[in-house]
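Undergrad: Note that the working numbering numbers the sequence shown so that position 27 is 27, with each residue one more than the last.
Note that beta-carbon positions come from the ideal geometry of N, C-alpha and C, so glycine has one too.
Keep in mind that this is a model prediction, so the values were computed, not measured.
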Amino acid sequence: MDLKKLLQPFKLEKNLYKKPMTLVFPKEALPPVENYRGRQLLNIETCVGCGMCSRVCPNDAIVMVEFNDKKCPQIHLGKCCFCGLCAENCPTGALEMTSEIFIAGYDRSFALYDPEKLSKSE
1 MDLKKLLQPF KLEKNLYKKP MTLVFPKEAL PPVENYRGRQ LLNIETCVGC GMCSRVCPND
61 AIVMVEFNDK KCPQIHLGKC CFCGLCAENC PTGALEMTSE IFIAGYDRSF ALYDPEKLSK
121 SE
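#1: State the start and end residues of the unbroken beta strand (DSSP E) segment that holds phenylalanine 10.
#2: What do you reckon, is the C-beta of isoleucine 44 under 7 Å from a heavy atom of the ligand FMN?
#3: Could you spell out where the beta strand (DSSP E) holding cysteine 72 opens and where it closes?
#4: Using the Cα positions of aspartate 107 and threonine 92, report the straight-line distance between them to the nearest angstrom.
#5: On the three-state DSSP scale, how would you describe leucine 85?
#6: Sort Ala111, Tyr113, Cys90 and Ser119 by Cα distance to glycine 48 and report the nearest one.
#7: So valine 65 packs on cysteine 57, CB below 8 Å; how close in whole Å?
#8: Whole angstroms are fine: how far does the CA of arginine 37 sit from the CA of cysteine 83?
#9: Leucine 41 and serine 99 - do their beta-carbons sit closer together than 8 Å?
#10: Does the distance from the C-beta atom of threonine 46 to that of alanine 94 stay below 8 Å?
#11: When the Cα of asparagine 35 is compared with those of Leu112, Asn15, Met97 and Tyr113, which residue comes out closest?
#12: Go ahead and label alanine 104 buried or exposed: buried means 16 or more other beta carbons lie within 10 angstroms of its beta carbon, across all protein chains shown.
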């Protein structure tokens, strides 16, 4: 009989005493990796309503809506691919990508971020 096959069950024993990899989410979470692009953050004061973000969005996730007597972006995060083109092409830098990774909800309405919701960091 082959000695390797005979000793193979003992290899499993080395993992028996290691700490498990499972995390108790959301109490415990792994930190985001460097340069991770999470959801967008909007600075309403610097937004001029040019609509450049909505024009460059490859998934048509951004729509310009009326907010405080000017047009501001409304983003549907369910359609967003988090490419960062909207933030890169914003002429005033009003849109920026955050490292916020926890975007979840119980119904589809959570994914629609109006200008007011976009301007708040969670």
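TA: Straight from the coordinates:
#1: Your numbering for residue 10 matches position 10 in the sequence shown. Unbroken run through phenylalanine 10 is the alpha helix (DSSP H), 3-11; no beta strand (DSSP E).
#2: Inclusion of the ligand FMN in the displayed structure is not the case, the ligand content being empty and no account of it being possible.
#3: Reading the sequence shown from its first residue, position 72 is the one you call residue 72. Segment 70-76, the beta strand (DSSP E) holding cysteine 72.
#4: Reading the sequence shown from its first residue, position 107 is the one you call residue 107. Reading the sequence shown from its first residue, position 92 is the one you call residue 92. Going by the C-alpha atoms only, they are around 33 Å apart.
#5: Here the question's residue 85 lines up with position 85 in the sequence shown. Three-state DSSP puts leucine 85 in a helix.
#6: For this step, residue 48 is matched to residue 48 along the sequence shown. Note that residue 48 is valine in the sequence shown, not glycine. It is Cys90 whose Cα lies nearest to the Cα of valine 48.
#7: Along the sequence shown, read from residue 1 onward, the residue named residue 65 stands at position 65. Along the sequence shown, read from residue 1 onward, the residue named residue 57 stands at position 57. Not really, about 14 Å apart at Cβ, beyond 8 Å.
#8: Working through the sequence shown from its first residue, we reach residue 83 at position 83. Working through the sequence shown from its first residue, we reach residue 37 at position 37. Cα to Cα, cysteine 83 sits roughly 8 Å from arginine 37.
#9: The residue labelled residue 99 in the question sits at position 99 within the sequence shown. The residue labelled residue 41 in the question sits at position 41 within the sequence shown. No. Outside cutoff.
#10: The residue labelled residue 46 in the question sits at position 46 within the sequence shown. The residue labelled residue 94 in the question sits at position 94 within the sequence shown. Yes, they are a contact pair.
#11: The residue labelled residue 35 in the question sits at position 35 within the sequence shown. The candidate whose alpha carbon is nearest that of asparagine 35 is Met97.
#12: In the sequence shown, residue 104 corresponds to position 104, counting from 1. Exposed: under 16 other Cβ atoms inside 10 Å.
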